[in-house]
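Read in order, the letters of the sequence shown correspond to residues 3 to 528 in my numbering. Read the structure below first, then the notes.
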Amino acid sequence: MSNLFDSDSPTNLAEYSVSELSGSIKRTVETAFDQVRVRGEISGYRGPHSSGHAYFALKDDRARIDAVIWKGTFSRLKFRPEEGMEVIATGKVTTFPGSSKYQIVIETLEPAGAGALMALIEERKRKLGAEGLFDAARKKRLPFMPEVIGVVTSPTGAVIRDILHRISDRFPVHVLVWPVKVQGEGAGDEVANAIRGFNALEPGGAIARPDVLIVARGGGSLEDLWSFNDEIVVRAAAESRIPLISAVGHETDWTLIDYAADVRAPTPTGAAEMAVPVKAELEAQAAALAARLQGCMNRQMDQRRQSVRALMRALPSLDQLLALPRRRFDEAAAGLGRGLALNTINKRRGFERVASHLRPDVLSNRIAERRQLLNERMARAERTVERLLDRSKSRIDRAEAILASLPTRLKTQTDRGRERLGNLTRHADTAIRHQLTRARAELSAQDRVLQSLSYKNVLKRGYAVIRDEDNRPVSQAAALSAGMGIAIEFADGRVGAMTTEGGSAPASAKKRGAKPAEPTKQGSLF
Numbered sequence: 003m004s005n006l007f008d009s010d011s012p013t014n015l016a017e018y019s020v021s022e023l024s025g026s027i028k029r030t031v032e033t034a035f036d037q038v039r040v041r042g043e044i045s046g047y048r049g050p051h052s053s054g055h056a057y058f059a060l061k062d063d064r065a066r067i068d069a070v071i072w073k074g075t076f077s078r079l080k081f082r083p084e085e086g087m088e089v090i091a092t093g094k095v096t097t098f099p100g101s102s103k104y105q106i107v108i109e110t111l112e113p114a115g116a117g118a119l120m121a122l123i124e125e126r127k128r129k130l131g132a133e134g135l136f137d138a139a140r141k142k143r144l145p146f147m148p149e150v151i152g153v154v155t156s157p158t159g160a161v162i163r164d165i166l167h168r169i170s171d172r173f174p175v176h177v178l179v180w181p182v183k184v185q186g187e188g189a190g191d192e193v194a195n196a197i198r199g200f201n202a203l204e205p206g207g208a209i210a211r212p213d214v215l216i217v218a219r220g221g222g223s224l225e226d227l228w229s230f231n232d233e234i235v236v237r238a239a240a241e242s243r244i245p246l247i248s249a250v251g252h253e254t255d256w257t258l259i260d261y262a263a264d265v266r267a268p269t270p271t272g273a274a275e276m277a278v279p280v281k282a283e284l285e286a287q288a289a290a291l292a293a294r295l296q297g298c299m300n301r302q303m304d305q306r307r308q309s310v311r312a313l314m315r316a317l318p319s320l321d322q323l324l325a326l327p328r329r330r331f332d333e334a335a336a337g338l339g340r341g342l343a344l345n346t347i348n349k350r351r352g353f354e355r356v357a358s359h360l361r362p363d364v365l366s367n368r369i370a371e372r373r374q375l376l377n378e379r380m381a382r383a384e385r386t387v388e389r390l391l392d393r394s395k396s397r398i399d400r401a402e403a404i405l406a407s408l409p410t411r412l413k414t415q416t417d418r419g420r421e422r423l424g425n426l427t428r429h430a431d432t433a434i435r436h437q438l439t440r441a442r443a444e445l446s447a448q449d450r451v452l453q454s455l456s457y458k459n460v461l462k463r464g465y466a467v468i469r470d471e472d473n474r475p476v477s478q479a480a481a482l483s484a485g486m487g488i489a490i491e492f493a494d495g496r497v498g499a500m501t502t503e504g505g506s507a508p509a510s511a512k513k514r515g516a517k518p519a520e521p522t523k524q525g526s527l528f
């Protein structure tokens, strides 16, 4: 700080440098507003920056203040900022000396009352509904008698005990519990991961895949049930291939997962009742159906018995049925003796005709003919065998000759293959060298083009690049103001500088001859 009694100063006011004054303002603001709660509407929010920080503004009908949420704080927020959302922000006010601005650094963020939460739910409901996540056509039917039930809930609450007790009373089945947080930070991510985890189980694996899922939680306020309004939970419920029952809160409580689920239960106990039938009722129903089936069978047998008796009365008697066959049998029996006598006479005549041809000389001639035929066939067979033996011997001789010349042929083919492989290797080496030569030439040409287009070649001709405090190039003088730090980049490096005058005034102001305003006298800061 300068001397308070400088003889060259026309007044007794203290003299500050710009940095000293900015630092003093920063310390004063941060001391006076180190912890504040601000209620306002989010404006200019475009999501987190690539660095992870979030920059936006809070406004009301008369004022506006810049706000920032650092990366570490943003990851711990229970609610994510949204454009136009009314919130209550807690943090501290600070200044940014580089641009003489002040802003609030937010540490916690929460919606401004239930009205804002309901508006946020309605907006999210319209968005997800427009994507078709709530359509009735995509909802699946619950299995009538599941073998395994998956439950996503807190393992320490009364909800899981109520569900297990109700299932054991109605129809005991195997229950898998995926323990999750149902309230607070990270609860929505755990519920969504549990739903997707159950769906990732393979049928017939080491862990049985559930036939139906129950997502359950006890009653509570809108803030307590907020995790089940998270978009990640709603999408996981809509994507579930396993039928899902939503049992969040009491009968009057509604969350967005209720719209995405296949069935909504009024209470967790009601979800257990929807998941399994009553075993005693099924047994009674089966017994009633068995009794009805037995009665139907008895009545049907009586009806069939009466029908058979009626048909029997319509049939003719046994004597009537056998009268005509018996007559045909008697006629056939009477003609059988005559037929046998005639058949014997005919057979005897045929035998006599054949026997007349069976003389010794005839038999001797036939035996001689057959013996001659047999000798001819044996001679032909011997000649055929000899020809086959000659052919086989010729084939064996040719095969022996081929085997004898095989080593020489193999050696010749091997020498040809080696010679051809050497030629191909030389051709490949030549092609690779040519390809490398062409690639080097193309790379050199591209490098020359890149060097000719580089702005640094322009700097070597005496030009310079002006950059502002954020290291961005400045192309117009109007973009600079007095007292702003700049960097001038030459061909051999950079130098820092400070502007003494702002950008040029508009042409219209010059024509009118407007004069700059008189500087006002500075008062005391404290």
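Ideal Cβ placement from N, Cα and C applies to all residues, glycine included.
Length-filtered (4 minimum) alpha helix (DSSP H) runs lying within the segment 399-434:
The DSSP assignment places no complete run of the alpha helix (DSSP H) inside the segment 399-434 (cut-off: 4 residues).
Can you give the beta carbon distance from isoleucine 247 to valine 235, rounded, assuming they're within the 8 Å contact cut?
Residue numbering aside, residue 247 sits at position 245 when the sequence shown is read from its first letter. Residue numbering aside, residue 235 sits at position 233 when the sequence shown is read from its first letter. At roughly 14 Å, the Cβ-Cβ gap does not stay under 8 Å, so isoleucine 247 and valine 235 are not in contact.
Buried or exposed: where does asparagine 425 fall if 16 or more other Cβ atoms within 10 Å of its Cβ makes it buried?
Position 423 of the sequence shown, counted from the first residue, corresponds to residue 425. Per the 10 Å Cβ criterion, exposed.
Using a threshold of 8 Å, state whether the C-beta atoms of proline 544 and valine 150 are closer than that.
Not covered by the structure: residue 544. The range shown for the chain is 3 to 528.
Counted within 10 angstroms of its Cβ, other Cβ atoms place serine 407 as buried (16 or more) or exposed:
Here residue 407 is taken as the residue at index 405 of the sequence shown, counted from 1. So serine 407 ends up on the exposed side.
With DSSP as the reference, label isoleucine 347 as helix, strand or coil.
Here residue 347 refers to the residue found at position 345 of the sequence shown. Three-state result, isoleucine 347: helix.
If we count the other Cβ atoms within 10 Å of its Cβ and call it buried at 16 or more, is arginine 301 buried or exposed?
Your numbering for residue 301 matches position 299 in the sequence shown. With fewer than 16 Cβ atoms within 10 Å of its Cβ, arginine 301 is classed as exposed.
Can you name the start and end residues of the beta strand (DSSP E) that arginine 496 belongs to?
Locating residue 496 in the sequence shown gives position 494, counting from the first residue. Element bounds for arginine 496: 495-500.
Where does serine 4 sit, in a helix, a strand or coil, going by DSSP?
What you label residue 4 is simply residue 2 of the sequence shown in a count that begins at 1. Residue placement at serine 4 is poorly supported in this model, since its pLDDT is 45, which falls under 50; the coordinates are not used for a value here.
If you scan the segment 23-103 from start to end, which runs of the alpha helix (DSSP H) of 4 or more residues do you find wholly inside it?
73-76
Alpha-carbon to alpha-carbon, threonine 271 and lysine 281
Mapped onto the sequence shown, residue 281 falls at position 279. Mapped onto the sequence shown, residue 271 falls at position 269. C-alpha separation (whole angstroms): 17 Å.
Residue range of the beta strand (DSSP E) that serine 309 falls in?
For the purposes of this step, residue 309 is taken as residue 307 along the sequence shown, with counting starting at 1. Here serine 309 belongs to no beta strand (DSSP E); instead the alpha helix (DSSP H) covers 281-316.
Where the beta strand (DSSP E) containing aspartate 176 begins and where it ends
Looking up residue 176 in the sequence shown gives position 174. According to the sequence shown, residue 176 is histidine rather than aspartate. Histidine 176 -> beta strand (DSSP E) spans 176-181.
May I have the straight-line CA-CA distance separating glutamate 354 from isoleucine 347, to the nearest angstrom?
For the purposes of this step, residue 354 is taken as residue 352 along the sequence shown, with counting starting at 1. For the purposes of this step, residue 347 is taken as residue 345 along the sequence shown, with counting starting at 1. A straight-line Cα-Cα distance of about 11 Å links glutamate 354 and isoleucine 347.
Looking at the secondary structure, which residues open and close the beta strand (DSSP E) in which serine 248 lies?
Along the sequence shown, read from residue 1 onward, the residue named residue 248 stands at position 246. Where serine 248 is concerned, the enclosing beta strand (DSSP E) starts and stops at 246-250.
Taking just the CA atoms, how far does tryptophan 256 sit from alanine 238?
Locating residue 238 in the sequence shown gives position 236, counting from the first residue. Locating residue 256 in the sequence shown gives position 254, counting from the first residue. Spanning the two alpha carbons is a distance of roughly 18 Å.
Please classify methionine 87 as buried or exposed, where buried requires at least 16 neighbouring CB atoms within 10 angstroms.
The residue labelled residue 87 in the question sits at position 85 within the sequence shown. Under the 10 Å beta carbon count, methionine 87 is surrounded by 16 or more other beta carbons and is classified as buried.
Would you kindly check if the distance between the Cβ of alanine 69 and the Cβ of glutamine 105 is under 8 Å?
Sequence index remark: in the sequence shown, residue 105 carries index 103 (1-based). Sequence index remark: in the sequence shown, residue 69 carries index 67 (1-based). Yes, the pair counts as a contact, with Cβ atoms nearer than the cut-off.
On a CA-only basis, which of Ile123, Gly93, Glu124 is nearest leucine 111? Give me that one, please.
Taking the sequence shown and counting its residues from 1, one reaches residue 111 at position 109. Among Ile123, Gly93, Glu124, the Cα nearest to that of leucine 111 belongs to Gly93.
Status (buried if at least 16 other CB within 10 Å, exposed otherwise) for valine 387:
Numbered from 1 along the sequence shown, position 385 holds the residue referred to as residue 387. Classification of valine 387: exposed, given that the 10 Å Cβ count is below 16.
Give the secondary structure of valine 387 by DSSP, where H, G and I count as helix, E and B as strand, and everything else as coil.
Translated into positions along the sequence shown, residue 387 becomes position 385. DSSP places valine 387 in helix when its eight states are reduced to three.
Expressed to the nearest angstrom, what Euclidean distance is found between the alpha-carbon atoms of alanine 531 and lysine 61?
Nothing about residue 531 can be read from this structure; the chain reaches only from 3 to 528.
Taking the beta strand (DSSP E) that threonine 271 belongs to, which residues open and close that run?
Start at 1 with the first residue of the sequence shown, and residue 271 comes out as number 269. Per DSSP, threonine 271 belongs to no beta strand (DSSP E); it is in the alpha helix (DSSP H), 270-277.
Taking only three categories from DSSP, how would you classify phenylalanine 136?
Residue mapping note: residue 136 aligns to position 134 of the sequence shown, counting from 1. Here phenylalanine 136 sits in coil by DSSP.
Between which two residues does the alpha helix (DSSP H) holding isoleucine 197 run?
Locating residue 197 in the sequence shown gives position 195, where the first residue counts as 1. Isoleucine 197 -> alpha helix (DSSP H) spans 189-202.
Which residues DSSP lists as bridging leucine 475, in chain order:
Within the sequence shown, the letter at position 473 stands for residue 475. In the sequence as presented, leucine is not what sits at residue 475; that position holds proline. Residue pairing for proline 475: DSSP places it in a beta bridge opposite Arg469.
Going by the beta-carbon positions, is the gap between arginine 126 and asparagine 195 smaller than 8 Å?
Position 124 of the sequence shown, counted from the start, is the residue given in the question as residue 126. Position 193 of the sequence shown, counted from the start, is the residue given in the question as residue 195. No, the pair does not count as a contact, with Cβ atoms beyond the cut-off.
DSSP bridge partner residues for threonine 155 (one or two, in chain order)
Translated into the one-based positions of the sequence shown, residue 155 becomes position 153. Among the bridge pairs identified by DSSP, threonine 155 is matched with Pro181.
Identify which residue in Phe146, Ala59, Pro157 has its Cα closest to the Cα of valine 40.
On the sequence shown, residue 40 is found 38 positions in, with the first residue counted as 1. If we check each option's Cα against that of valine 40, Ala59 comes out closest.
Could you give the DSSP three-state label for arginine 219: helix, strand or coil?
On the sequence shown, residue 219 is found 217 positions in, with the first residue counted as 1. In this structure, arginine 219 counts as strand in the three-state DSSP scheme.
Tell me which residue opens and which closes the alpha helix (DSSP H) that alanine 160 is part of.
Residue numbering aside, residue 160 sits at position 158 when the sequence shown is read from its first letter. That run of the alpha helix (DSSP H) goes 160-172.
To which residues of the same chain is methionine 276 closer than 7 Å at the C-beta, ignoring the five residues directly before and after it?
Within the sequence shown, numbered from 1, the residue matching residue 276 stands at position 274. Cβ neighbours of methionine 276 beyond the five flanking positions: Leu144, Ile247, Val265, Ala267.
Looking only at C-alpha atoms, which of Val214, Leu130, Glu187, Arg198 sits nearest to lysine 142?
The count along the sequence shown starts at 1 and reaches residue 142 at position 140. The option with the nearest alpha carbon to lysine 142 is Val214.
Taking 8 Å as the threshold (C-beta atoms), are valine 184 and serine 229 in contact?
Within the sequence shown, the letter at position 227 stands for residue 229. Within the sequence shown, the letter at position 182 stands for residue 184. A distance below 8 Å separates the beta carbons of serine 229 and valine 184.
So, valine 31 versus valine 95, is the Cβ gap smaller than 8 Å?
Position 29 of the sequence shown, counting from 1, holds the residue named residue 31. Position 93 of the sequence shown, counting from 1, holds the residue named residue 95. Contact: yes.
Since glutamate 112 sits in a beta bridge, which residues does DSSP pair it with?
As a position in the sequence shown, residue 112 is number 110, starting the count at 1. Ile90.
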